[in-house]
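Novice: Once you know that position 56 of the sequence shown is 437 in this note's numbering, the rest is easy, because the numbers rise by one and skip nothing.
Even for Gly, the Cβ is constructed at its ideal location relative to N, Cα and C.
This one's a predicted model, so the numbers in the text were calculated from it and none came from an experiment.
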Amino acid sequence: MIIAVDGPTASGKGTVAKNLADHYGLKRLDTGSLYRAVGLAVLDAGGEPGDACAAVRAAEELDLNAIDENRIRSSAAGLAASKVAVIPDVREVLRRAQIAFAADPVGAVLDGRDIGTVICPNADVKLFVTASLAERTRRRLAELHGRGEQISFDELQAQIAERDERDMTRKDSPLYQAADAHLLDTTSLSIKAAAQAAYAIVDAALAARKS
382 MIIAVDGPTA SGKGTVAKNL ADHYGLKRLD TGSLYRAVGL AVLDAGGEPG
432 DACAAVRAAE ELDLNAIDEN RIRSSAAGLA ASKVAVIPDV REVLRRAQIA
482 FAADPVGAVL DGRDIGTVIC PNADVKLFVT ASLAERTRRR LAELHGRGEQ
532 ISFDELQAQI AERDERDMTR KDSPLYQAAD AHLLDTTSLS IKAAAQAAYA
582 IVDAALAARK S
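(1) Mind pulling the alpha helix (DSSP H) runs of 4 or more residues that sit fully within the region 450-484?
(2) Determine the burial state of Ala559: buried for a count of at least 16 other Cβ atoms within 10 Å of its Cβ, exposed for fewer.
(3) So the candidates are Ala581, Glu524, Asp505; which of them puts its Cα closest to the Cα of Ala391?
(4) Going by CA-CA distance only, name the one from Ala504, Asn451, Lys464, Leu460 that's closest to Gly527.
(5) Taking the alpha carbon of Tyr405 as the reference point, which residue from Leu514, Val490, Leu421, Leu508 has its own alpha carbon closest?
(6) On a Cα-Cα basis, can you pick out the residue from Ala542, Ile384, Lys552, Ala398 that is closest to Pro469?
(7) May I have the straight-line CA-CA distance separating Ala586 from Val506, to the nearest angstrom?
(8) Check whether the region 555-573 touches the region 408-419, taking contact to mean three or more Cβ pairs, one atom from each stretch, closer than 8 Å.
(9) Find out if the Cβ-Cβ distance for the pair Ser455, Glu530 is shorter than 8 Å.
(10) For Ile453 versus Leu421, is the C-beta spacing smaller than 8 Å?
(11) Just checking Gly488 against the ligand SAM - is the residue's beta carbon closer than 7 Å to any of the ligand's heavy atoms?
(12) Looking at C-alpha atoms only, which residue of Ala484, His563, Ile496, Ala466 is the closest neighbour of Arg547?
(13) Hey, would you say Ala581 sits closer than 8 Å to Leu570, going by beta carbons?
(14) Below 8 Å on the Cβ atoms is my contact criterion, and I expect Val510 with Thr567 to pass it. Report the Cβ-Cβ distance as a whole number of Å.
(15) If we call anything under 8 Å between Cβ atoms a contact, is Leu424 one with Ala478?
(16) Comparing alpha-carbon positions, which option in Ser533, Leu522, Leu460 lies nearest Gly413?
(17) Can you tell which of Gly395, Pro430, Thr550 has the C-alpha that lies nearest to the C-alpha of Arg520?
(18) Let's test the definition: count the other Cβ atoms within 10 Å of the Cβ of Arg590 and tell me whether it reaches 16, buried, or not, exposed.
(19) So for Arg409, helix, strand or coil by DSSP?
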């Protein structure tokens with residue numbers, strides 16, 4: 382079983398995907414972490430994330446098993462990710478890695494921005510997770526402050542809005558809800574409630590496929 386989970390920054394898609402993977406006993410790939418890792422690698426090398434050559438090189442050298450989950454969660458890594466993500470050749474390199482991950486017959490949960498539309502268009506179940514801009518900003522702000530990173534609500538909200546715009550308007554694999562994806566708005570949901578809602582969507586979708 383392949384479950385595709387898409388959505389914008391801080392919508393809760395990663396948490397929903399993790400809960401789904403645990404609940405159904407599937408492996409999971411946070412595809413957004415790949416772009417964050419590539420962007421961070423370019424920054425670490427003293428480059429500019431918008432430099433296609435540097436970004437492609439970093440994507441080709443990326444080790445999926447050596448991603449520093451702590452460092453890639455910084456606001457700088459997030460902005461760098463949105464810049465490398467608009468580079469077609471970077472997307473192609475990472476697309477191949479994602480498709481290979483999803484090809485495992487055991488099944489998987491993948492979350493990102495183009496899973497249900499590009500990476501796994503034939504996924505058994507697709508979810509599009511979203512939340513209001515203000516709520517997404519609040520969540521990410523709490524995360525960054527918890528890491529000791531100082532940034533104002535207004536500045537962060539502007540960054541997230543900028544990333545939304547870049548993700549939704551890029552020519553290659555833009556962010557949008559697949560026609561057959563189930564919408565899950567987590568704005569007013571707790572983590573547990575969002576997970577329960579996701580389970581219900583998946584169970585109903587699987588039941589419909591069997592009927």
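Specialist: For this structure:
(1) Counting whole runs of 4 or more residues, the region 450-484 contains the alpha helix (DSSP H) stretches 456-465, 469-483.
(2) Result: buried.
(3) Ala391 has its Cα closest to that of Glu524, out of Ala581, Glu524, Asp505.
(4) Nearest Cα to Gly527 within the set Ala504, Asn451, Lys464, Leu460: Asn451.
(5) Tyr405 has its Cα closest to that of Val490, out of Leu514, Val490, Leu421, Leu508.
(6) Closest by alpha carbon: Lys552.
(7) Roughly 7 Å between the two C-alpha positions.
(8) At 8 Å Cβ cutoff, the stretches do not touch.
(9) Annotated as proximal: Ser455 and Glu530, with beta-carbon spacing under 8 Å.
(10) For Ile453 and Leu421, yes; Cβs fall inside 8 Å.
(11) The ligand SAM is absent from the structure shown, which contains no ligand whatsoever.
(12) The option with the nearest alpha carbon to Arg547 is Ala466.
(13) No, these two residues do not count as a Cβ contact at 8 Å.
(14) The pair is a contact, with the Cβ atoms about 6 Å apart (cut-off 8 Å).
(15) No, Cβ-Cβ distance for Leu424 and Ala478 is not below 8 Å.
(16) For the residues Ser533, Leu522, Leu460, the minimum Cα distance to Gly413 belongs to Leu460.
(17) Of the listed residues, the one whose Cα sits closest to Arg520 is Gly395.
(18) The residue in question, Arg590, is exposed, as its Cβ has fewer than 16 Cβ neighbours within 10 Å.
(19) If DSSP states are grouped into helix, strand and coil, Arg409 belongs with the strands.
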